[in-house]
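Asks: Before I ask anything, here is the structure I am working with.
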Amino acid sequence: MQVLVPTDGSDCSDRALRFACDFADRYDADLHVVHFTDSRTSATEQVIEHAREILAEAGVEADPEVVVETDVGVRTAGRVGKAIVSLVSERGYDHVVMGHHGSGAIERAILGSAAETVVRAETTPVTIIP
1 MQVLVPTDGS DCSDRALRFA CDFADRYDAD LHVVHFTDSR TSATEQVIEH AREILAEAGV
61 EADPEVVVET DVGVRTAGRV GKAIVSLVSE RGYDHVVMGH HGSGAIERAI LGSAAETVVR
121 AETTPVTIIP
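In terms of this note's numbering, the sequence shown is residues 1 to 130.
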């Protein structure tokens, strides 16, 4: 089983990654952690390093040759939800685990809209972690 875990470095994203680590362990699944960005910046490096730390805490060994992929061929123009849906379609992931900031208008405008987009568009199972 191939599980996609989009991350943005937020607390709810971290909770989703921890949940996904447990899920992967329980169901012998492979995790694919992704962070969308326009370019490689120090903030991106921090998100990647933070994700590696969470994986290590969960006892998940990351393959150093495939942890960082600089171009997945998706153009988002700020539409993370659509990029996630495209990536699931392109790569055939079996499950998506992602965080959700909340249900208010402000929260939905930030990442909540991404979670909502993925849930509405996907036929692949999606687990949302608050």
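Glycine included, C-beta positions come from ideal geometry on N, C-alpha and C.
None of the values given here were measured: they were computed from a predicted structure.
1. Look at the alpha carbon of E57 and the alpha carbon of D14, and state the distance between them as a whole number of angstroms.
2. Rounded to the nearest angstrom, how far is the Cβ of V80 from that of T124, given a contact under 8 Å?
3. Going by DSSP, what residue range makes up the alpha helix (DSSP H) through G92?
4. Can the beta-carbon of T117 be found closer than 9 Å to that of V96?
5. For a quick check, are the C-beta atoms of V5 and V47 less than 9 Å apart?
6. If contacts are defined as beta-carbon pairs under 8 Å, then M98 and A121 qualify, I think. What distance do you get, rounded to the angstrom?
7. Using a beta-carbon distance below 9 Å, is R26 in contact with chain C?
8. Do I129 and H100 have their CB atoms nearer than 9 Å?
9. How about T127 and A51: do their beta carbons lie closer than 9 Å?
10. Which ranges would you report for the beta strand (DSSP E) in the stretch 6-30 if only whole runs of at least 3 residues count?
Replies: Put simply:
1. 12 Å
2. That belief does not hold up - the Cβ atoms of V80 and T124 are roughly 16 Å apart, past 8 Å.
3. Here G92 belongs to no alpha helix (DSSP H), and DSSP marks it neither H nor E.
4. no
5. no
6. So it is not a contact: roughly 13 Å between Cβ atoms.
7. Note that chain C does not occur in the displayed structure, where there is just one protein chain.
8. yes
9. no
10. none
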